[in-house]
Structure formats: C-alpha cells, structure tokens
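Before any comments, here is the structure.
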Amino acid sequence: MHESVPEGARHWSADSVIYQIYPRSFRDSNGDGMGDLAGITLELGQLAALGVDAVWLSPFYKSPQRDAGYDVADYCQVDPLFGTLADFDLLMDKAASLGLRVIIDLVPNHCSDQHELFQSALAAAPGSLEREMFIFRDGKGPDGSLPPNNWQSHFGGPAWTQIKSDGGTPGQWFLHLFDSTQPDFNWDNPAVHAEFERVLRFWLDRGVHGFRVDVAHALVKAAGLPDWGGTAWGGSSEGFPGHLAPMFGQPALHDIYRRWREVLAEYGPERILCAEANVDPLERMADWVRPDEMHQAFNFPYLTTGFSAPALRHVVQYSLNAFDAVGATSTWVLSNHDVVRHATRFGYDGGGPRDGDGIGAADIQPNLPLGRQRAAAASLFMLALPGACYLYQGEELGLPDHTTLPDEARQDPTFARTGGERIGRDGCRIPLPWRGESPSAGFSDAASTPGDGSAEATAPWLPQPLDWQSYARDAQASDPTSHLAMYQHALQTRRELGIGTGSLQWAEDFCSERSLAFLNGDTLVILNTGSDAMDLPHGTVIARSLPARGDNTQLESSEAIWLKL
Numbered sequence: 162m163h164e165s166v167p168e169g170a171r172h173w174s175a176d177s178v179i180y181q182i183y184p185r186s187f188r189d190s191n192g193d194g195m196g197d198l199a200g201i202t203l204e205l206g207q208l209a210a211l212g213v214d215a216v217w218l219s220p221f222y223k224s225p226q227r228d229a230g231y232d233v234a235d236y237c238q239v240d241p242l243f244g245t246l247a248d249f250d251l252l253m254d255k256a257a258s259l260g261l262r263v264i265i266d267l268v269p270n271h272c273s274d275q276h277e278l279f280q281s282a283l284a285a286a287p288g289s290l291e292r293e294m295f296i297f298r299d300g301k302g303p304d305g306s307l308p309p310n311n312w313q314s315h316f317g318g319p320a321w322t323q324i325k326s327d328g329g330t331p332g333q334w335f336l337h338l339f340d341s342t343q344p345d346f347n348w349d350n351p352a353v354h355a356e357f358e359r360v361l362r363f364w365l366d367r368g369v370h371g372f373r374v375d376v377a378h379a380l381v382k383a384a385g386l387p388d389w390g391g392t393a394w395g396g397s398s399e400g401f402p403g404h405l406a407p408m409f410g411q412p413a414l415h416d417i418y419r420r421w422r423e424v425l426a427e428y429g430p431e432r433i434l435c436a437e438a439n440v441d442p443l444e445r446m447a448d449w450v451r452p453d454e455m456h457q458a459f460n461f462p463y464l465t466t467g468f469s470a471p472a473l474r475h476v477v478q479y480s481l482n483a484f485d486a487v488g489a490t491s492t493w494v495l496s497n498h499d500v501v502r503h504a505t506r507f508g509y510d511g512g513g514p515r516d517g518d519g520i521g522a523a524d525i526q527p528n529l530p531l532g533r534q535r536a537a538a539a540s541l542f543m544l545a546l547p548g549a550c551y552l553y554q555g556e557e558l559g560l561p562d563h564t565t566l567p568d569e570a571r572q573d574p575t576f577a578r579t580g581g582e583r584i585g586r587d588g589c590r591i592p593l594p595w596r597g598e599s600p601s602a603g604f605s606d607a608a609s610t611p612g613d614g615s616a617e618a619t620a621p622w623l624p625q626p627l628d629w630q631s632y633a634r635d636a637q638a639s640d641p642t643s644h645l646a647m648y649q650h651a652l653q654t655r656r657e658l659g660i661g662t663g664s665l666q667w668a669e670d671f672c673s674e675r676s677l678a679f680l681n682g683d684t685l686v687i688l689n690t691g692s693d694a695m696d697l698p699h700g701t702v703i704a705r706s707l708p709a710r711g712d713n714t715q716l717e718s719s720e721a722i723w724l725k726l
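Start counting at 1 in the sequence shown, then tack on 161, and there's your number in my numbering.
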C-alpha cells in the first residue's frame, strides 16, 4: 500500500495539477498567426474554470525560433512574436487574480547561436574566457577535420559543428546535443553557473512560482567527453546501459540543483523546480527529487506506457516505490509538446508506426474514435492517482495529433536534419480550437484595420486539420458528455475528495490482464483495457470517462470509472 505523506510535510506542488501552455499554439490575440502572451491572458479564466492549480509556459524568450523558442537568444527578454515584458507582467497579474501560479521554462543546457555570449565566443580565440562559456574542442585527425568524438545530435546527425575563421580556414568544433544552432553551455565553468543564477533571479523578481528545467539531465558532460555507442538520447540499449551515457545524468548535476533550490528558497516556500530528466531506471529519476533538490520530475516511463492493464500496474507501483524512497510524490503525465498526443497514440494496437516519433500522411492512420475513448479513460485513471499531474494544452478537448500535415508545412528541425526520416513533433503542436464557427477555429483574432471593418487574421503558423472545429472548446463546453466536461468534473472531484493527497491500494478483485483497479481512500477506480464490458460492483458513480453510457452495472471496453463504496 502506498501511504499518504503527513499533511504538515506536504508542499502545494505534491498533489498539484499543472497545465502546460505552448504559447505559439495557445491563443493569438493580434491575428498574426502566432500565439502570444496577451492571448494567454485572455483565456486564463478558462483554465481557472477547468480547475488546474498552475500553468507552465513553454519558452517565450527572444529567439530566432529555429527550435520553436528552445533556442534562446536572450533569457531576460520576451520575443516580439509573443509580446513584451509588460505583457508578461499583465499575464502574471491576471493569473494572481484567478489564483493560478505561473511556472516558466528554463533552457540551461544550450542557447541560440545568436546569443551574445556565443557570438562573443565565435569572435574570440581558442582557450579564451569567451569560448570557455561553451564546449569548444579541436578536431581529430592531422588537420582537425574530424569531430572530437562520435556523439550524435538528438535531432539527427553529428553533435559537433566546425567553425571557420574570418579568413575561411577551418577552426575548432563546438558541441550541440540538439540542433547545430543550439550550442551547449560549458557547466564546468563557474561563470555559466553565475549567469543562470542571474536569470533565475530576474524571473523570480517578476513573481514566477518556479521553473520547468529543460533537459535537466544534460548540463554536465563526463570528463574527457568519451565516445558513446548507445542512443543519442541516452536511453538504455543493448550493450549500452543509459546510466553510462557520458552526456547525461552526471553526478555534478545534483550540486547545481541544490544551489538553485537555495536560490528559490530566498523567495519563499511556494517556488518549485521541475526536472525534465529523461533518465533510467526510475530510481535514478527519483534522485532528482530528493528533499534538497527538485520538487518534481516528469515520469517518462508512465508517459510511454501503453493502454495495457499489466503494464500500467507495473509502472504505477514501480513509480510509487521509487519516489517514496526519497520522500517525494510521483508526477503523472500523458502528453506534452514533444510526443504524439495520447488520443492518437492509443488509436493503435501494438504501438504506432514510428514508435512515437511523429506520424505522417503516408503512415498507417490511427483509429481515432478508439484513441479518444482510450485517452479519456487513461486520463480519468491518471487523475485518480495520488501525486501531481501535468496536462498538455488541448488534451482536455481530446485533441489528436495532426497526422496528415503536409511536409512543406513542417517546422521541427528534426524533420529537416533527418531528411524526413523522423517526422518530428509538429503534429502535437497545432494551434488550439477555441470557437468552432470562427476562422482558424477561434485561435486567431482578426487584426483591426482603419476604415470599414477588420482584416482577416493571418493563417496559423501550423495549419489546422479540416475537422478542428468539431473539437472546439465552445462546442464542448455546452456538451455534458464531452472530453472537456469529463476533465472539469474530474478535476473538481479530485480536489473535493483530496485524491492527490490520498493513497493507493490495489483492488485485486478487479485486476486482471484486461482491467486494473485501486482504492484511493474509499474511492474505487477501475480501468477496463479489454475488448469486452465488465460487471461493476455496487457503489455510487462519482465520475466516468464515458458519461453518456448511463448504465451503472457495466463498465464498457476502454472506459474508466470512479465509484464511492
């Protein structure tokens, strides 16, 4: 049995529900086709009504946008695409008035090649203080024409790019675990530490409640940068266990986050750190949330688990054991801006055609009605687990990926760097549908023009599917059987019953190869992953993922339910 943590020791984040906003796709307030901070402010009331505790903003910093803002040119400025610092302050004020906390993305592993620090490094000599801010190395071979090691970029291709001098002669190489326009910082250099403490304080002074730390496991590299024959992303493969990956999960990382925790503590107990630390096994991931480090770490094994009762039971129990061991609660998540949405993933039996790396028009298409039904069930099951949950924008609408996006519309650098071999993440980043009867499904407002009327808004930065209007928030808001209604009811009930601060005990009578059930207090949660309906015990229905069914004696295939016994 997983016991609840004593109330006095519990931080607000331990049982929180945090909603991820991907700014460029959330809401466009000025009709330029790009979501912006003012658009977020316009719709924060919808999120407060949904029942979340906080919002997490993906990057909105000044950036050339080669990787959708994860290539930061200035960590203390808002990119004009999204507005101004004044717009950010208005967003913070609106969130505070609604009782919502605001967490922002921090990207400390790498920056844009347009960042002034990297531009200074390019202009400086090898061995200079400027170059020591990044990872520059001489190449191998008699003329230095070979990369310093064999590391591969997470986006495909080599993880090294060679620069040229003003005269055009080949020079040193710099490391970039991601795109070649995203040089990695050198975290062996104390000056890098000082720079990011400055950035932390800049945003904490503006009132943010914390930071989601992008690729938090990658900042420090192993001494000597040894070759690596395993996966570029550091996951375990045959002969190459992930814990040996020299570019991920190095012990010195924990000292960095202990120091950051101290900085946040200066601003009060409300501030939090959340790690995007994709390391295995789970026991290593739990190390990131020891009492003096981060408050949360994304549970990637849970995110990647299929719609299978035995697999879900294993990962839930494994997670609770691992996080209990360090006195932390697990953080559950089903979708984000880097993976195929779960409404699409679950539309396949036995996994998608590309192992989660995007789906294109030439691929086998998902069974979408089945995927959305399973997604609702998986979401209701997740929201009943003790701990914290992250929701990705639009999942409360049951949004799928855009799986037939034209290749010419794709903007993810993964697609370009692999020559289309990897489809990339654009499909899960499509601008949201707000109003079904409006152009661009209400994502963009038309820009006012002098004279008679207003001009049409610019097309969204990524094209929406033709059926996007059918998922619009306004249509779902008036439908008591919609995804939106199910999420809103579940979140309200979760809060009223203290589900997130509860406990978990498996209800063995309802566990099998085709179903999974547990008790959280006196709430019985059952998930049917099988192909046939199953009998329900007597009890009062609190919530169900197919609320239109109305038959309280049967749990349908691919359905979840909460019962009060």
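Note that the Cβ used here is the ideal one computed from N, Cα and C, for glycine as well.
Lys382, buried or exposed, once every other Cβ within 10 Å from all chains shown has been counted against 16: So Lys382 counts as buried.
Residue range of the unbroken alpha helix (DSSP H) whose run includes Arg535: Per DSSP, Arg535 belongs to the alpha helix (DSSP H) from 529-544.
From Ala721, Asn347, Gly318, residue whose alpha carbon lies closest to that of Ser341: Ranking the options by Cα distance to Ser341, first place goes to Gly318.
Terminal residues of the beta strand (DSSP E) in which Leu283 lies: First-last for Leu283: 277-284, but that is the alpha helix (DSSP H), not the beta strand (DSSP E).
Buried or exposed by the 16-neighbour rule on C-beta atoms within 10 Å, applied to Phe363: Burial call: exposed.
Nearest neighbour of Pro402, chosen from Gly391, Ala458, Leu529 [CA to CA]: Nearest of Gly391, Ala458, Leu529 to Pro402, Cα basis: Gly391.
Spatially closest choice to Leu558 from Ser631, Arg578, Ala472, by CA coordinates: Checked all of Ser631, Arg578, Ala472; the closest Cα to Leu558 is Ser631.
With 16 other Cβ atoms within 10 Å as the buried cut-off, status of Gly328: Burial is judged here by how many other beta carbons sit within 10 angstroms of a residue's own beta carbon; Gly328 has fewer than 16 and is exposed.
Touching by the beta-carbon criterion (3+ pairs, under 8 Å), the stretch 686-693 and the stretch 455-473: When Cβ pairs closer than 8 Å are counted between the two stretches, the stretch 686-693 is seen to touch the stretch 455-473, the count reaching three or more.
Status (buried if at least 16 other CB within 10 Å, exposed otherwise) for Leu259: Exposed, because fewer than 16 other Cβ atoms sit within 10 Å of the Cβ of Leu259.
DSSP beta-bridge partners of Asp696: Gln715, per the DSSP bridge assignment.
Sufficient close CB pairs (3 or more, under 8 Å) joining the stretch 291-309 to the stretch 557-574: No, they do not touch.
Element boundaries [beta strand (DSSP E), containing Trp321]: Residues 321-325.
Segment contact flag, the stretch 591-598 with the stretch 188-198, C-beta cutoff 8 Å, min 3 pairs: In this structure the stretch 591-598 lies against the stretch 188-198, because at least three pairs of beta carbons, one per stretch, are closer than 8 Å.
Sequence-distant residues of the same chain with beta carbon closer than 7 Å to Asp613, five excluded per side: For Asp613, the predicted structure reports a pLDDT of 37, less than 50, and the residue's modelled location is therefore unreliable. A value from the coordinates is still provided. There are no such residues.
Three-state secondary structure (DSSP) of Pro167: Confidence at Pro167 is low in this model, with a pLDDT of 45, below 50, so its placement is unreliable and the value that follows should be read with caution. Here Pro167 sits in coil by DSSP.
Distance between Thr490 and Ala608 (C-alpha atoms, nearest Å): Caution is warranted here: a pLDDT of 40 is assigned to Ala608, below 50, making its placement in the model unreliable, and the coordinate value is therefore given only provisionally. If I take the Cα positions, the gap works out to 46 Å.
Supposed close pair Tyr222, Val233 - CB separation, criterion 8 Å: The Cβ separation is near 5 Å, so the contact holds.
Residue environment, Ala286, which counts as buried when at least 16 other CB atoms sit within 10 Å: The residue in question, Ala286, is exposed, as its Cβ has fewer than 16 Cβ neighbours within 10 Å.
Leu425 burial status per 10 Å Cβ neighbour count (16 or more: buried): When all chains shown are included, Leu425 counts as buried.
Inter-stretch contact at 8 Å, needing at least 3 Cβ pairs: the stretch 543-556 / the stretch 477-492: These segments touch.
contact_flag[the stretch 708-718, the stretch 655-670] where n(CB pairs < 8 Å) is 3 or more: The stretch 708-718 is not in contact with the stretch 655-670.
Residue nearest to Arg502 in terms of C-alpha spacing, selected from Trp449, Val487, Val450, His563: Residue His563 is the option with its Cα nearest to Arg502.
Best match in Gly513, Ala355, Arg571, Ala602 for proximity to Asp628 [C-alpha to C-alpha]: Just measuring C-alpha positions, the residue of Gly513, Ala355, Arg571, Ala602 sitting nearest Asp628 is Ala602.
Extent of the continuous beta strand (DSSP E) to which Tyr553 belongs: Where Tyr553 is concerned, the enclosing beta strand (DSSP E) stretches over 549-553.
Reference Ile296; option with closest CA among Asn347, Phe339, Val487, Gly521: Taking only the C-alpha atoms, the option nearest Ile296 is Asn347.
Segments assigned alpha helix (DSSP H), at least 4 residues, entirely inside the stretch 350-427: If only complete runs of 4 or more residues are kept, the stretch 350-427 shows the alpha helix (DSSP H) at 351-365, 414-426, in order along the chain.
Secondary structure of Pro184, DSSP reduced to three states: It is helical.
Beta-bridge pairing of Tyr222 - partner residues as DSSP gives them: Per DSSP, Val239.
C-alpha distance - Leu211 paired with Leu724, whole-angstrom precision: In this model, Leu211 and Leu724 are separated by some 22 Å (Cα to Cα).
Residue(s) in a DSSP beta bridge with Ser605: Asp189.
Buried or exposed (CB count within 10 angstroms, at least 16 for buried), His456: Under this definition His456 is a buried residue.
Nearest to Ser718 (by Cα), restricted to the options Leu531, Val369, Asn482: Of the candidates Leu531, Val369, Asn482, the one whose C-alpha sits nearest the C-alpha of Ser718 is Leu531.
Nearest-angstrom Cα separation, counted from Ile520 out to Gly588: Distance between the alpha carbons of Gly588 and Ile520: 7 Å.
Coil, strand or helix - Thr610 by DSSP: Residue confidence for Thr610 is low, a pLDDT of 35 falling below 50, so the modelled location carries little weight; the figure read from the coordinates is stated next. In the structure shown, Thr610 adopts coil according to DSSP, grouped into three states.
Residues sharing a beta bridge with Gln625, DSSP: BP columns for Gln625 are empty, so no partner.
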